[in-house]
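Reading through the structure tokens given below for one structure.
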Amino acid sequence: MTMTNLYDHDIHAWTQQTAELLRQRRFQELDIEHLVEELETMGRRDRQELVSRLKILLGHLLKWQYQPAHRSSSWRGSILEQRLRIRDLLQDSPSLKPLFAEAAASAYRDGATLASKETGLSPAHFPEVLPYAMDRLLEDDWLPGDT
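With full-length UniProt numbering, letter number 27 in the sequence shown gets 27, and the count goes up by one each step, no holes.
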């Protein structure tokens, strides 16, 4: 079976075979088109994960700020978990750090939508643009509205 056929029928087997061909420096046998496609997908996946985790983090921060009577250790734990996972992602892929502010800004509207759905508050209740300083978003001890 050719590498292209293997890719179409069993992507896991294709990745294993591709890795083996690379280790053996048998470059002429590689499925270059799909290899390039998969590498590009890997890069997009990391950025998408960053945005996804920021949506969740921002939604929780908004809930924390706008529903202080409902604050719980569960909310605090969810906020911390997202911060830890985002930091891990940025450590594993440092090239995402320059994209952090842009990713946070683009994630904010969806984060506000999540907060609106989970709190029952109108979307208009939340600011139109991200109200938090970038350097505070990943600080373990910072929560909006805390004094």
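By construction, the Cβ of each residue, glycine as well, lies at the ideal position given by its N, Cα and C atoms.
State yes or no: is the C-beta of residue i within less than 9 Å of the C-beta of residue j?
i, j, result
"residue 105", "residue 129", "yes"
"residue 143", "residue 76", "yes"
"residue 152", "residue 66", "What is shown of the chain runs 1 to 147, which leaves residue 152 out entirely."
"residue 116", "residue 46", "no"
"residue 31", "residue 6", "yes"
"residue 70", "residue 119", "yes"
"residue 145", "residue 68", "yes"
Can you check which of these residues, the options, is closest to residue i by C-alpha distance?
i, options, result
"residue 78", "59, 28 and 90", "59"
"residue 43", "95, 11, 53 and 15", "95"
"residue 33", "107, 93, 97 and 3", "3"
"residue 134", "61, 124 and 5", "61"
"residue 83", "13, 141, 21 and 47", "141"
"residue 138", "11, 48 and 91", "91"
"residue 14", "24, 25, 23 and 35", "35"
"residue 52", "86, 1 and 131", "86"
"residue 48", "132, 1 and 89", "89"
"residue 124", "109, 80 and 132", "109"
In or out: residue i buried (at least 16 other Cβ within 10 Å) or exposed?
i, result
"residue 63", "buried"
"residue 54", "buried"
"residue 50", "buried"
"residue 111", "buried"
"residue 18", "buried"
"residue 149", "Look at the range of the chain in this structure, 1 to 147, and you will see that residue 149 is not part of it."
"residue 11", "exposed"
"residue 103", "buried"
Can you tell me the Cβ-Cβ gap for residue i and residue j, rounded? I've got them flagged as a contact below 8 Å.
i, j, result
"residue 29", "residue 21", "5 Å"
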